[in-house]
Amino acid sequence: MRKLLEFIRSIYVVVLFVVLEVAAVSYYARSSYYTEARLLARSNRVAGGVRSFFGGIRRYFMLGRENRALIARVAELEEQLARYDEAENAARLDAYLSDIGESKYHFAAATVVSNTVNRAQNLLTLNRGRADGVVEEMAVLSPDGAMVGYVVDCTDRYSVAMSALNTSFRASGRLVGTDYVGSIYWDGTDQHVVLMGDVSKYADPQPGQEVVTTGFSQFFPEDVLIGLVESATLNETRTAYTVRVRLAAEISRQTDVVLVCNRDLWEIRDLQQSEQVEQYTRQD
Amino acid sequence: MMYRILTYSALFAATLLFQVFLFDNLSISIYFNPLVYVAFVALLPLDAKPVVVLLAGLASGVAMDFAMGAAGINTIATVLVAFLRPTILGMLYGRDDVREEGVPSPERLGTRVFVEYLVALVVIHHVVFFSLEALSWSHALHTLLRIVLSSAASLGFVWLIARIFTAKLPVRV
């Protein structure tokens with residue numbers, strides 16, 4: 001009996017170690033990007049204020065850059081406004097236009113309180129949450145309208161978005177001026193470049209060509225700028241291109257972002273999953 | 285004893301805050317991601333029981349996972365390092381000397397042994413962390429580069445933390 005007790009005493013640290021590691025590994029194995037976003041959202045309850053403080057310091061140093069971007073944006077909008085003024089005259093004549101109601105997309109602005117680019121699963125924390133009308137699956141765009149990521153989890157006052165620099169990120173992209181599409185993902189190497197895979201071999205992407213989102217992915221409105229083609233390589237079987245796309249939005253330097261929600265998203269999804277539609281897709 | 289618990293609580297909090305609010309916010313490059321909180325495990329007293337070291341590693345790993353939003357990789361890496369620490373110390377320094385009191389430091393262990401000890405802990409920790417984060421061999425070289433560069437950076441910072449921590453303490457603790 002004493003021998004047995006002594007034996008247990010001599011190995012209980014090893015046993016404890018094995019138990020802890022097995023528990024941690026199995027938790028990690030069952031986790032997904034969603035678990036990580038959820039953890040971060042919870043820890044924001046505690047650390048959100050401090051993160052906001054550090055975010056505020058970062059913000060201060062970017063004010064100049066932001067100001068220039070805003071001025072450029074104002075100029076651009078003024079130009080558009082002038083164009084609308086002209087169009088309004090024409091439209092007044094055409095008074096029979098029916099009321100199209102509110103826009104399909106809902107916009108909101110948020111400040112980035114924490115952001116990483118040095119991990120494989122990078123997440124952005126934003127200072128807007130459910131209380132401000134942010135919901136899961138809203139698109140996150142930079143102030144000049146380029147793709148950044150999408151919201152994966154919210155608490156009342158904060159939300160966590162997956163940035164394009166996340167190996168779990170998926171979106172679909174289209175080469176401007178063509179109908180060729182491909183899936184956008186990140187390989188975890190370069191914080192300025194995402195890949196667009198499965199692009200048709202006939203597409204012939206040219207460096208500098210713009211890549212925009214398609215309406216397929218549902219997270220993003222159509223024609224949001226993703227970036228510019230940097231280079232393209234044919235795969236080994238010469239059937240498809242993998243295109244390197246230089247991101248238009250520099251994700252590490254985002255301080256303010258625009259959130260876009262497709263008001264019709266849930267309606268479309270409910271419709272797609274309705275029993276009536278299912279009846280026609282069921283395989284007998 | 286009371287005093288020791290206080291100083292180590294302070295060290296725990298300091299490494300945690302530094303990691304979460306400074307190093308995780310640097311966002312310089314994917315290749316530069318120093319994980320300095322391993323300093324907490326490295327600087328536990330030499331005479332701490334293996335089970336205490338293990339539990340300290342667990343606490344530090346879980347806290348980091350929660351704060352960084354990582355689902356367990358910090359815990360896996362830190363618990364492993366905490367488990368191996370007594371063995372590494374025994375191999376580098378000799379089992380009998382380890383039983384005595386003191387904080388691991390260049391003065392206590394000798395500069396060469398102390399550096400080797402830090403290198404061993406940091407490298408094991410970073411290898412586990414980054415390979416688990418990548419979870420694939422397709423970017424093995426890329427992961428290796430991340431390990432090497434981040435380990436080198438962490439090592440520098442851990443050394444600094446160790447110097448500051450031991451400088452503040454009276455000679456015998």
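Protein sequences appear in the order of chains A and B.
Quick note: the numbering used here has the first sequence finishing at residue 284, numbered continuously throughout.
Quick note: the numbering used here has the second sequence finishing at residue 457, numbered continuously throughout.
Quick reminder that beta carbons are idealized off the backbone N, C-alpha and C, glycines included.
May I ask you to list the residues that DSSP assigns as paired with L234/A?
BP columns for L234/A point to Y241/A.
Given a threshold of 16 other Cβ atoms within 10 Å of its Cβ, counted over all protein chains shown, does T255/A qualify as buried or as exposed?
Classification for T255/A: buried.
How would you list, in chain order, the residues of chain B whose beta-carbon sits under 8 Å from the beta-carbon of A146/A?
Chain-ordered listing is empty here: chain B has no CB closer than 8 Å to the CB of A146/A, the nearest sitting near 18 Å.
Boundaries (first-last residue) of the alpha helix (DSSP H) holding D256/A:
First-last for D256/A: 256–262, but that is the beta strand (DSSP E), not the alpha helix (DSSP H).
Report the neighbours of T450/B on chain A: residues whose CB is nearer than 9 Å to its CB, in chain order.
Chain A residues near T450/B: none, gap ~26 Å exceeds 9 Å.
Delimiting residues of the beta strand (DSSP E) encompassing G56/A:
G56/A -> not in any beta strand (DSSP E); alpha helix (DSSP H) instead, spanning 33–61.
Span of the beta strand (DSSP E) holding A23/A?
According to the DSSP assignment, A23/A belongs to no beta strand (DSSP E) but to the alpha helix (DSSP H) extending over 2–29.
Count the CB pairs spanning the segment 191–202 of chain A and the segment 220–233 of chain A that are closer than 8 Å, and state whether there are at least three.
At 8 Å Cβ cutoff, the stretches touch.
If you count every other CB in all the chains shown that lies within 10 Å of the CB of I314/B, and 16 or more means buried, which is it?
By the C-beta density criterion, I314/B is buried, having at least 16 other C-beta atoms within 10 angstroms.
Under a three-way DSSP split, which group does S313/B fall into?
Judged by DSSP in its simplified three-state form, S313/B adopts strand.
What three-state label does DSSP hand A161/A in the structure shown?
Note: A161/A maps to strand in three-state DSSP.
For a minimum of 3 consecutive residues, which ranges assigned as the beta strand (DSSP E) are wholly contained in the segment 153–204 of chain A?
Listed in chain order, they are 159–166, 171–175, 181–185, 193–200.
Chain A partners of A418/B, CB-CB under 8 Å?
Residues of chain A passing the Cβ test: A120, G188.
Does any C-beta atom of chain B lie closer than 8 Å to the C-beta of E250/A?
Output row for E250/A: interface = no.
Look at the alpha carbon of E137/A and the alpha carbon of G55/A, and state the distance between them as a whole number of angstroms.
Between E137/A and G55/A, the C-alpha separation is close to 23 Å.
Figure out for me which residue from H409/B, A361/B, L373/B has the closest Cα to the Cα of D331/B.
Minimum Cα distance to D331/B is reached at L373/B.
Q279/A, enclosing alpha helix (DSSP H) - first and last residue:
Secondary structure note for Q279/A: its alpha helix (DSSP H) is the uninterrupted segment 275–281.
Chain B contact for E36/A (CB, 8 Å cutoff)
Interface criterion met: the Cβ of E36/A is under 8 Å from a Cβ in chain B.
So what does DSSP say about R246/A, is it helix, strand or coil?
It is a strand residue.
Can you tell which of T242/A, S231/A, Y28/A, D144/A has its C-alpha closest to the C-alpha of K201/A?
Among T242/A, S231/A, Y28/A, D144/A, the Cα nearest to that of K201/A belongs to T242/A.
Does the segment 394–402 of chain B touch the segment 352–365 of chain B, meaning 3 or more C-beta pairs lie closer than 8 Å?
Remark: fewer than three beta-carbon pairs, one from each stretch, lie closer than 8 Å, so the segment 352–365 of chain B and the segment 394–402 of chain B are not flagged as touching.
Against chain A, does H410/B count as a neighbour if the rule is that its beta carbon must be under 8 Å from one of theirs?
With respect to chain A, the C-beta atom of H410/B has no partner C-beta closer than 8 Å.
Could you check where the beta strand (DSSP E) with A351/B kicks off and where it finishes?
For A351/B, no beta strand (DSSP E) encloses it; the enclosing alpha helix (DSSP H) starts and ends at 334–352.
Pairwise C-alpha distance: T299/B and L57/A
At residue 57/A the sequence reads Ile, which differs from the Leu that was named. C-alpha separation (whole angstroms): 21 Å.
State yes or no: is the C-beta of S435/B within less than 8 Å of the C-beta of V407/B?
In this structure, S435/B places its C-beta atom within 8 Å of the C-beta atom of V407/B.
Can L376/B and A326/B be called in contact, C-beta distance under 8 Å?
A326/B is positioned such that its CB atom lies no closer than 8 Å to that of L376/B.
State the DSSP-derived secondary structure class of V212/A, mapped to helix, strand or coil.
Strand, per DSSP.
At a CB-CB cut-off below 9 Å, which residues of chain B make contact with E21/A?
Annotation: Cβ neighbours of E21/A in chain B (cutoff 9 Å, chain order): T359, I360, V363, L364, F367.
Taking the alpha carbon of R9/A as the point to measure from, which residue in K333/B, L439/B, E417/B has its own alpha carbon closest?
Of the candidates K333/B, L439/B, E417/B, the one whose C-alpha sits nearest the C-alpha of R9/A is K333/B.
Pull the bridge partners of G227/A from the DSSP assignment, please.
In DSSP, G227/A forms a bridge with V211/A, L247/A.
Among residues of its own chain, excluding the 5 on either side of V442/B, which ones have a beta-carbon nearer than 7 Å to its beta-carbon?
Hits under 7 Å: V320, V322, A323, A326, L402, V406.
Chain-order list of residues whose beta-carbon lies under 6 Å from that of T214/A (same chain, five-residue window excluded):
Excluding its 5 nearest sequence neighbours in each direction, T214/A has C-beta neighbours in its own chain below 6 Å: S172, R174, V181, listed in chain order.
CB contact flag (V134/A, L259/A, <8 Å):
Closer than 8 Å, so yes.
Closer than 8 Å by C-beta to S252/A: which residues in its own chain qualify, once you throw out the five before and the five after it? Chain order, please.
Counting only Cβ-Cβ distances below 8 Å, and skipping sequence neighbours, we find N115, V117, Q191.
Under 8 Å between beta-carbons, which chain A residues line up against V304/B? List them in chain order, please.
When 8 Å is used as the limit between beta carbons, V304/B is near these residues of chain A: A47, in chain order.
Relative to the C-alpha of R244/A, which candidate in L124/A, S163/A, G48/A, E210/A has its C-alpha closest?
Nearest C-alpha to R244/A: E210/A.
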